[in-house]
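Sequences listed follow chains A and B, in order. In terms of our numbering, the first sequence opens at residue 311 and continues consecutively. In terms of our numbering, the second sequence opens at residue 109 and continues consecutively. Beta carbons: idealized from backbone N, C-alpha and C, even for Gly. As the structure is a prediction and not an experimental result, all values here were calculated from the model.
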Amino acid sequence: NAGVTQTPKFRVLKTGQSMTLLCAQDMNHEYMYWYRQDPGMGLRLIHYSVGEGTTAKGEVPDGYNVSRLKKQNFLLGLESAAPSQTSVYFCASSRLLNQPQHFGDGTRLSIL
Amino acid sequence: AQSVTQLGSHVSVSEGALVLLRCNYSSSVPPYLFWYVQYPNQGLQLLLKYTSAATLVKGINGFEAEFKKSETSFHLTKPSAHMSDAAEYFCAVSLTGFQKLVFGTGTRLLVSP
Chain A
311 NAGVTQTPKF
321 RVLKTGQSMT
331 LLCAQDMNHE
341 YMYWYRQDPG
351 MGLRLIHYSV
361 GEGTTAKGEV
371 PDGYNVSRLK
381 KQNFLLGLES
391 AAPSQTSVYF
401 CASSRLLNQP
411 QHFGDGTRLS
421 IL
Chain B
109 AQSVTQLGSH
119 VSVSEGALVL
129 LRCNYSSSVP
139 PYLFWYVQYP
149 NQGLQLLLKY
159 TSAATLVKGI
169 NGFEAEFKKS
179 ETSFHLTKPS
189 AHMSDAAEYF
199 CAVSLTGFQK
209 LVFGTGTRLL
219 VSP
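Here it is as structure tokens:
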């Protein structure tokens, strides 16, 4: 049972480049989330989804877009990367909105 | 708005000593409460959760947490620290069944020999 899988694990981008982070879960969870983790700031919610075809903004959505075309996948896009988006990105999923979230191992993204 | 506060960004203990990590939430309604652990270069793993069945909750790796409504607290404890407990710990809260989890800013536990 793989749980939540994030790809890629590491990436270095130049300012202005675009990229997509992929999250896949095999637990048939309805809810999926994208967070960023920065030193001293804990986890901040970027976007989340309450089901296939739905997305919603979280605490820090600016500069990011998401899509949930299939229930098991949740994509996070950076259209024009900025150095302020250098961070560790985590995807998570849960069966219900207030139930424990299962996390992937993260994507370490550096933007030069 | 609901919030969760973790007191102390870093806590240092000696191996074998008591571990106490503090978490307070702001709510007049008993919430759903969780503790997660994050080891270096990994994602968060659930340690334990409180869902009103019992005020003392036992989790994995010998950790436990006590829900105290009067103090709006859910502190995490372990009687005897082990070197492998060194990690970052996050408290999370959800007020109702229709609200997302809100995470605290984390406490890094350092364990010295």
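Taking the straight line between their C-alpha atoms, what separation do you get for residue i and residue j?
i, j, result
"A:LYS324", "A:THR330", "14 Å"
"B:TYR197", "B:LEU217", "7 Å"
"B:THR215", "A:ARG321", "27 Å"
"B:MET191", "B:ALA125", "11 Å"
"A:GLN344", "B:LEU209", "For the sequence presented, residue 344 of chain A should be read as Trp rather than Gln. C-alpha separation (whole angstroms): 13 Å."
"B:SER220", "B:ALA173", "23 Å"
"A:PRO410", "B:GLN153", "9 Å"
"B:ALA162", "A:GLY352", "28 Å"
"B:SER178", "A:GLY363", "42 Å"
If you measure between the beta carbons of residue i and residue j, is that distance less than 8 Å?
i, j, result
"A:ALA392", "A:ILE356", "no"
"A:GLN382", "A:GLN316", "no"
"A:TYR374", "A:VAL360", "no"
"B:PRO148", "B:LEU203", "no"
"A:ASN338", "B:GLN207", "no"
Determine the burial state of residue i: buried for a count of at least 16 other Cβ atoms within 10 Å of its Cβ, exposed for fewer.
i, result
"A:SER397", "buried"
"B:ASP193", "buried"
"B:VAL137", "exposed"
"B:LEU141", "buried"
List the whole-angstrom C-beta distance separating residue i from residue j, where the pair is believed to meet the contact cut-off of C-beta under 8 Å.
i, j, result
"A:GLY387", "A:TYR399", "With 8 Å as the limit, A:GLY387 and A:TYR399 do not qualify as a contact, their Cβ atoms being about 11 Å apart."
"B:TYR144", "B:LEU129", "B:TYR144 to B:LEU129, Cβ: 11 Å. No contact."
According to DSSP, what are the bridge partners of residue i?
i, result
"A:ASP336", "In the DSSP output, where bridge partners are listed per residue, A:ASP336 has none listed."
"A:TYR399", "A:ARG346, A:THR417"
Against chain E, with Cβ distances strictly below 8 Å, would residue i count as a contact?
i, result
"B:TYR197", "In the displayed structure, chain E is absent; the protein chains listed are A and B."
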